[in-house]
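> I'd like to ask some things about the structure below.
2 protein chains.
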Amino acid sequence: MTTFRGVNSLAEENYLKALFNLAGESGVVNVNELSRHLNIKMPTVTSMMKKLSAKNLVHYESYKPLKLTEEGEKRAAAIIRKHRLTEMFLVEKMGFGWEQVHDIAEQIEHIQSPLFFEKMDELLGFPKFDPHGSPIPDKDGKINWKEFHKLSDCKPGEEVILGAVINNSSEFLQFLNSRDLRLGLSISILSVESFDKTMVVHYENHPAETLSHTVCERLLVDKQ
Amino acid sequence: MTTFRGVNSLAEENYLKALFNLAGESGVVNVNELSRHLNIKMPTVTSMMKKLSAKNLVHYESYKPLKLTEEGEKRAAAIIRKHRLTEMFLVEKMGFGWEQVHDIAEQIEHIQSPLFFEKMDELLGFPKFDPHGSPIPDKDGKINWKEFHKLSDCKPGEEVILGAVINNSSEFLQFLNSRDLRLGLSISILSVESFDKTMVVHYENHPAETLSHTVCERLLVDKQ
DNA sequence: AATATTTGTTAGATATATCTAACTTTATAA
DNA sequence: TTATAAAGTTAGATATATCTAACAAATATT
Ligand SMILES: [Mn+2]
Ligand SMILES: [Mn+2]
Ligand SMILES: [Mn+2]
Ligand SMILES: [Mn+2]
Chain Y
-5 MTTFRGVNSL AEENYLKALF NLAGESGVVN VNELSRHLNI KMPTVTSMMK
45 KLSAKNLVHY ESYKPLKLTE EGEKRAAAII RKHRLTEMFL VEKMGFGWEQ
95 VHDIAEQIEH IQSPLFFEKM DELLGFPKFD PHGSPIPDKD GKINWKEFHK
145 LSDCKPGEEV ILGAVINNSS EFLQFLNSRD LRLGLSISIL SVESFDKTMV
195 VHYENHPAET LSHTVCERLL VDKQ
Chain E
-5 MTTFRGVNSL AEENYLKALF NLAGESGVVN VNELSRHLNI KMPTVTSMMK
45 KLSAKNLVHY ESYKPLKLTE EGEKRAAAII RKHRLTEMFL VEKMGFGWEQ
95 VHDIAEQIEH IQSPLFFEKM DELLGFPKFD PHGSPIPDKD GKINWKEFHK
145 LSDCKPGEEV ILGAVINNSS EFLQFLNSRD LRLGLSISIL SVESFDKTMV
195 VHYENHPAET LSHTVCERLL VDKQ
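Protein chains in written order, with my numbering: chain Y, -5 to 218; chain E, -5 to 218.
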């Protein structure tokens, strides 16, 4: 029994996803960046890029930055859709904490079964965001980008809503848990230390919580 | 990022599972049988058996039948446990039909996350059987074999309970659906055609349903 | 018992995905 | 503007999992 894979191998899927996630405004990614992100040596990345280029999923030219083709972008978005739906399902329907779901979703995102993910989507009521506030691409790969600000860019006196977190590492999320910080929370900025940009904020029954710049940079908020 | 696999590769896991599933009373399996079942050529099977033998998961000697070691049996049972828990979860918690779940479970059984399957087990209330009536191995790999009889071995006048199905193919299960045949059903045997062993049975609001020997051989029943 | 068939093994090829070492191109700093 | 560093490529090796062709052993048939 040849284990059924879709059109792309598991390795290919992970490259596509990484290209999508690393692409900023410009939509381009360097070989080096990709190499570091995937923890795969540059020559290996180069050869995979040639392969994906032959499949018309990546625009590749020697020494130039990498860019997904339209089709490549679609495939990548489909995988990210599966990842984020899975995370939502694990949290909402299976009782996992937001700090536990990424590693499982990293595997389940490769399952080949449109029906499986449609069922998830349906049971979840067609969610638009994952448990970390990241948007879930729709079936056509379109993403509904919300205009968030970094908490670190806000000023004292502002009142904001925590909408998303940038770093999804278990450690970071556990830190947030320990301070009762979760999505949807209304936060007031009391003061900012000009020396190291540390913030003192108030929310719920935390009258004065001190958050480092490193943390504030990773919290995305809505200025309502 | 090296996709995390446990101690065994995906290919190895599929061989272990096949060895477990094909092992009858004696617990042994031939290279040829395994080859046919997995749809992989015999030389490939031989070389994998040498590899698994080196890892002490299979007893392998040239020209002798194959047998899982105690450790190999444990690993296989763990995968089958994940397969069957998954099938149960898909049916009970996600609303799939019993004819839809096998192919999805075939993929999810390879997910590496003890917590994920423990959660499933818990949410399901620690089930002992999967949606097709097959026993779910416990965490130590022990299987609670139930003493079923083939419906085809029963006699007219007997009243039995449908406990399990042998063939899990989507086609067979859809056939059963079309006749309202499902686990737990009480069936009375009305007559058996001696020529071709076709049975006429009665159950629920089906006063006289005719079932071929091929079908009856694949239905396991409890004589209560 | 001799022959034919089936089963299993060996040897060698292929595809995928990775690596290291050596070299080239591009970017940065003196 | 040359020298140095960083980024990227090429070439060749390795590991896994598969295949086909050829041969050998075990089993079944005459
Ligand atoms: Mn994630
Ligand atoms: Mn992944
Ligand atoms: Mn199954
Ligand atoms: Mn499988």
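A virtual CB, placed ideally from N, CA and C, is assigned to each residue, including glycine.
Got a sec: is the Cβ-Cβ distance from E/Phe189 to anything in chain Y below 8 Å?
Any Cβ of chain Y closer than 8 Å to the Cβ of E/Phe189 would place that residue at the interface, and such an atom is absent.
> For Y/Gly66 and Y/Tyr9, I'd like the C-alpha separation in whole angstroms.
10 Å
> Does the beta carbon of E/Gly89 come closer than 8 Å to any beta carbon on chain Y?
It does: the Cβ of E/Gly89 has a partner Cβ on chain Y nearer than 8 Å.
> Going by alpha carbons, who is nearest to E/Lys149 out of E/Ser20, E/Val39, E/Val195 and E/Pro37?
E/Val195
> Determine whether the beta carbon atoms of E/Phe169 and E/Gly157 lie at a separation below 8 Å.
no
> I want to know whether the segment 127 to 145 of chain Y touches the segment 58 to 78 of chain Y - three or more CB-CB distances under 8 Å.
yes
> To the nearest angstrom, how far is it from the Cα of Y/Phe14 to the Cα of E/Ile137?
45 Å
> Determine the DSSP secondary structure at Y/Val23, reduced to helix, strand or coil.
strand
> Skipping 5 residues on each side, what residues in its chain have a beta carbon closer than 6 Å to that of E/Asn161?
Arg212
> Go ahead and pull the three-state DSSP assignment for Y/Ile74.
helix
> Going by beta carbon distance, what residues of the same chain come within less than 7 Å of Y/Pro59, once the five residues before and after it are set aside?
Val22, Val23 and Asn24
> Name the chain Y residues whose beta carbon is nearer than 8 Å to that of E/Ile137?
Per Cβ cutoff of 8 Å: no residues; E/Ile137 is ~23 Å from chain Y at best.
> Go ahead and pull the three-state DSSP assignment for Y/Ile160.
coil
> In three-state DSSP terms, what is Y/Lys44?
Note: Y/Lys44 maps to helix in three-state DSSP.
> Kindly indicate which three-state DSSP category Y/Ile98 falls into: helix, strand or coil?
helix
> Quick check: what's the CA-CA separation for E/Gly127 versus E/Thr192?
23 Å
> Is there contact between the segment 108 to 118 of chain E and the segment 171 to 191 of chain E, where contact requires at least three CB pairs shorter than 8 Å?
no
> Quick one: is the Cβ of E/His31 within less than 7 Å of any heavy atom of ligand 3?
The closest heavy atom of ligand 3 lies 7 Å or more from the beta carbon of E/His31.
> Would you decide whether Y/Trp139 is buried or exposed? Buried here means 16 or more other CB atoms lie within 10 Å of its CB.
exposed
> For E/Ala17, which of helix, strand or coil comes out of DSSP?
Three-state result, E/Ala17: coil.
> For Y/Lys44, count neighbouring C-beta atoms within 10 Å of its own C-beta (all shown protein chains included) and say buried if the count is 16 or more, exposed if not.
exposed
> Along the segment 109 to 121 of chain Y, where does the CB come closer than 8 Å to a CB of chain E? Name the residues.
Taking 8 Å as the Cβ-Cβ cut-off against chain E, the residues of the segment 109 to 121 of chain Y that qualify are Leu109, Phe110, Lys113, Met114 and Leu117.
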